[in-house]
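Here the structure is laid out as structure tokens; the discussion comes afterwards.
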Ligand code: NAD
């Protein structure tokens with residue numbers, strides 16, 4: 044079992060750290076917010092007072108932070124992870140961040156003799172709590188082999204996406220598909236309703252025809268058809284629209300850098316920005332149907 048330092052014990056990191064304790068690892072944790080540290084302590088994590096303390100004398104450091112700037116700071120800042128970690132430590136960043144920052148931190152880690160994996164997740168807070176997250180992992184084969192048993196304590200589906208940064212590439216591409224398809228489904232169900240077609244009928248037909256897709260089968264934005272849909276709970280997330288917007292912005296940033304044409308991704312980002320700017324960022328991302336219905 045490994046000695047693990049966990050930095051970022053928020054909505055996702057807290058339950059992930061708790062699951063590592065349950066899996067038998069020895070976990071010390073740090074967060075800037077005392078209430079998050081307390082909650083993690085209740086789940087068996089040993090609280091420490093700084094990033095440096097979390098990263099010292101461990102086999103593995105895991106970070107679960109809001110964005111690229113936090114990840115760069117936590118790894119490469121003064122008294123950051125790379126300043127104190129022993130050579131040969133494995134560092135895993137599971138935050139969702141821009142591909143550029145992920146690759147910058149990979150390079151700094153390599154210089155410090157630290158093995159690095161970018162490993163963003165999908166599955167949300169429910170998946171983090173249940174230990175059923177999907178990990179999309181970028182980094183060397185050797186680092187992936189070291190990380191796999193650690194991921195298995197927190198998730199179910201663990202995929203090696205390729206070299207440094209490729210976990211983040213997979214995450215932004217996947218969520219760009221999700222954002223675009225949710226808008227497509229919302230438009231089709233709105234059009235169907237306005238033309239007098241019952242939503243259940245459209246679902247029965249489309250879900251077994253060429254229009255079917257994961258978002259339709261799992262997160263249908265109209266109520267009363269799919270049990271797990273946020274539409275049945277007044278669009279309580281789930282996956283918040285603000286989070287979708289964050290990921291769509293990351294995909295647009297990556298598209299500009301890679302000179303890739305993503306006109307539908309750009310349109311999806313613009314529509315989610317409009318929805319979030321109108322004050323609905325805390326609703327589930329499927330609530331975008333309300334805006335398209337003009338409600
Ligand atoms: P969160 O805001 O709840 O947690 C982030 C934590 O990082 C906070 O507790 C914050 O205090 C801590 N933090 C920030 N800077 C720090 C520092 N310098 N040192 C120590 N701690 C620091 O966010 P979250 O919902 O847990 O999400 C974390 C990451 O996971 C994000 O990148 C997010 O995009 C991604 N993600 C979230 C979800 C979700 O459903 N919440 C799903 C998939 C991916």
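In our numbering, the protein residues as written are 44 to 338.
All residues carry an ideal CB built from backbone N, CA and C; glycine is no exception.
For residue i, the nearest candidate out of the options (CA to CA)
i: residue 169; options: 203, 280, 112, 258; result: 280
i: residue 165; options: 290, 153, 158, 176; result: 176
i: residue 77; options: 123, 92, 70, 63; result: 92
i: residue 139; options: 114, 128, 130; result: 114
i: residue 161; options: 291, 109, 234, 210; result: 210
i: residue 192; options: 103, 327, 128; result: 103
i: residue 108; options: 85, 101, 300, 144; result: 144
i: residue 182; options: 96, 196, 172, 134; result: 134
i: residue 207; options: 85, 163, 223; result: 163
i: residue 339; options: 86, 309, 214, 82; result: The first residue shown for the chain is 44 and the last is 338, placing residue 339 beyond what the model contains.
i: residue 171; options: 59, 70, 118; result: 59
i: residue 307; options: 295, 300, 301; result: 295
i: residue 339; options: 57, 274, 147, 304; result: Given that the chain is displayed from residue 44 to residue 338, the structure contains no residue 339 and the question cannot be resolved.
6 Å Cβ shell around residue i - same chain, five flanking residues per side excluded
i: residue 324; result: 284, 285
i: residue 167; result: 282
i: residue 95; result: 122, 127
i: residue 199; result: 175
i: residue 287; result: 222, 315, 328
Under the three-state DSSP convention, the category residue i falls into
i: residue 157; result: coil
i: residue 201; result: strand
i: residue 181; result: strand
i: residue 268; result: coil
i: residue 71; result: strand
i: residue 49; result: strand
i: residue 106; result: strand
i: residue 327; result: strand
i: residue 135; result: strand
i: residue 164; result: strand
i: residue 176; result: strand
Beta-carbon separation (whole angstroms), residue i vs residue j, contact threshold 8 Å
i: residue 72; j: residue 52; result: 5 Å
i: residue 142; j: residue 311; result: About 18 Å; that fails the 8 Å criterion.
Cβ-based neighbour list, residue i, same chain, cut-off 7 Å, excluding 5 preceding and 5 following
i: residue 156; result: 130, 131
8 Å CB neighbourhood of residue i in its chain, flanking five on each side removed
i: residue 331; result: 225, 226, 229, 264, 284, 314, 315, 318
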